[in-house]
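Chemist: Residue numbers (numbering that gives the first Met the number 0): 0 to 198.
Glycine included, each C-beta is placed from N, C-alpha and C at the ideal position.
Sharing a structure with you now.
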Amino acid sequence: MGRGRNKALHDLYLEYEDKTAKKVLAEGIIRFCEDIGIAPEDVVMIVICWHMDAQTMGEFTEEEFEGGLEDIGVDSITSLKAAIPSLRKELNDRKKFKEIYEYAFMFSRENNQKCLQLDVALSVWPLLITKEKWKYIDLWCEFLQEHHKKAISKDTWTQLLDFIDVMDDTFSQYDPTGAWPYLIDEFVALVKEQGKIGN
Numbered sequence: 000m001g002r003g004r005n006k007a008l009h010d011l012y013l014e015y016e017d018k019t020a021k022k023v024l025a026e027g028i029i030r031f032c033e034d035i036g037i038a039p040e041d042v043v044m045i046v047i048c049w050h051m052d053a054q055t056m057g058e059f060t061e062e063e064f065e066g067g068l069e070d071i072g073v074d075s076i077t078s079l080k081a082a083i084p085s086l087r088k089e090l091n092d093r094k095k096f097k098e099i100y101e102y103a104f105m106f107s108r109e110n111n112q113k114c115l116q117l118d119v120a121l122s123v124w125p126l127l128i129t130k131e132k133w134k135y136i137d138l139w140c141e142f143l144q145e146h147h148k149k150a151i152s153k154d155t156w157t158q159l160l161d162f163i164d165v166m167d168d169t170f171s172q173y174d175p176t177g178a179w180p181y182l183i184d185e186f187v188a189l190v191k192e193q194g195k196i197g198n
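Here it is in structure tokens:
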């Protein structure tokens, strides 16, 4: 992703920068979202953060902010607002979606921990994996809340998307002796046991 500076981008960054921290913090991000007309929890913010290659949730460095908007090809709030629909469409691009999905795991972790806190995973998963993408996403989240109650590993995060990509709604290709993470095995077993396959 391109990194550079122009005056318009730098001036825009300064509008949101916390002058003490020398970065954009939560208050600035909320104002930024208000200005571009989206909620902070809107999934398109993950796409914007991916373009910025933002490393920490809740803050943007000067390089991340300016470089990300340059990467998107905008240099004003007006042009970014106009780019929102095309940014949303990037979630429908299979290759980009996989990159954004894997980035979301890294971005959402606390203090570079290896795993993702369960409550965070349960809030991010339905944003990225909608019911249109996978009809079982709500059941998956309920299952984790009731039966797992622990942080989510990168392996589970990554392989869930692989599972969704190859599996149909009836799990007909599912092989219990395959190499899926145990959580996915347990989930499939529970869904079958409860008779919720295909429902």
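So which of Val165, Ile45, Phe142 and Lys18 has the shortest CA-CA distance to Ile83?
Modeler: If we check each option's Cα against that of Ile83, Ile45 comes out closest.
Chemist: Mark Lys22 as exposed unless 16 or more other C-beta atoms lie within 10 angstroms of its C-beta, in which case mark it buried.
Modeler: Looking at its Cβ environment, which holds 16 or more other Cβ atoms inside 10 Å, Lys22 is buried.
Chemist: Quick one: what's got a C-beta closer than 7 Å to Leu189's C-beta in the same chain, skipping five residues either side?
Modeler: Answer for Leu189: Phe142, listed in chain order.
Chemist: Could you work out which residue in Gln193, Met105, Glu61 and Ala20 is closest to Asn5 when comparing CA atoms only?
Modeler: Ranking Gln193, Met105, Glu61 and Ala20 by Cα distance to Asn5 puts Glu61 first.
Chemist: Would Phe64 and Tyr12 qualify as a contact pair, given that the criterion is a beta-carbon distance under 7 Å?
Modeler: Their beta carbons are under 7 Å apart, which means Phe64 touches Tyr12 by this criterion.
Chemist: Is the stretch 107-125 close to the stretch 170-182, with three or more CB pairs under 8 Å?
Modeler: No: fewer than three Cβ pairs fall under 8 Å.
Chemist: Give the straight-line distance between the Cα atoms of Asp10 and Thr19, rounded to the nearest whole angstrom.
Modeler: Rounded to whole angstroms, Asp10 to Thr19 spans 17 Å at the Cα level.
Chemist: When the Cα of Trp179 is compared with those of Phe162, Gly36 and Met56, which residue comes out closest?
Modeler: Per the Cα distances, Phe162.
Chemist: CB-CB under 7 Å to Ile151, same chain, minus the five flanking residues each way: which ones, in chain order?
Modeler: For Ile151, where only same-chain residues beyond five positions count, the Cβ hits under 7 Å are Cys114, Leu115, Leu117 and Ala120.
Chemist: What are the boundary residues of the alpha helix (DSSP H) that includes Arg87?
Modeler: Per DSSP, Arg87 belongs to the alpha helix (DSSP H) from Ile76 to Lys88.
Chemist: Would you mind stating whether Phe104 and Trp156 have Cβ atoms separated by less than 7 Å?
Modeler: Yes, they are a contact pair.
Chemist: Using the three-state DSSP reduction, which class does Asp184 fall into: helix, strand or coil?
Modeler: Helix at Asp184.
Chemist: So, with DSSP's three-state summary, where would you put Lys148?
Modeler: Lys148: coil per DSSP, three-state reduction.
Chemist: Which two residues bound the contiguous alpha helix (DSSP H) that contains Pro125?
Modeler: Segment Leu117 to Leu127, the alpha helix (DSSP H) holding Pro125.
Chemist: Could you please give me the residues that DSSP links to Asp161 through a beta bridge?
Modeler: BP columns for Asp161 are empty, so no partner.
Chemist: Which class does Val43 belong to by DSSP, given the choice of helix, strand or coil?
Modeler: In this structure, Val43 counts as helix in the three-state DSSP scheme.
Chemist: Do Ile35 and Lys80 have their beta-carbon atoms positioned less than 7 Å apart in this structure?
Modeler: Against a cut-off of 7 Å, the Cβ pair of Ile35 and Lys80 comes out as a contact.
Chemist: What residues in its chain sit with their C-beta under 7 Å from that of Gln54, if we drop five residues either side in the sequence?
Modeler: Answer for Gln54: no residue qualifies.
Chemist: Round the Cβ separation of Ile183 and Leu159 to the nearest angstrom and send it over; I've been treating them as touching at under 8 Å.
Modeler: Their Cβ separation, rounded to whole angstroms, is 7 Å, which keeps Ile183 and Leu159 in contact under 8 Å.
Chemist: Return yes when the Cβ of Val43 is within less than 7 Å of the Cβ of Arg93, no when it is not.
Modeler: Their beta carbons are not under 7 Å apart, which means Arg93 does not touch Val43 by this criterion.
Chemist: Does the distance from the C-beta atom of Phe96 to that of Met56 stay below 7 Å?
Modeler: Going by C-beta atoms, Phe96 is not nearer than 7 Å to Met56.
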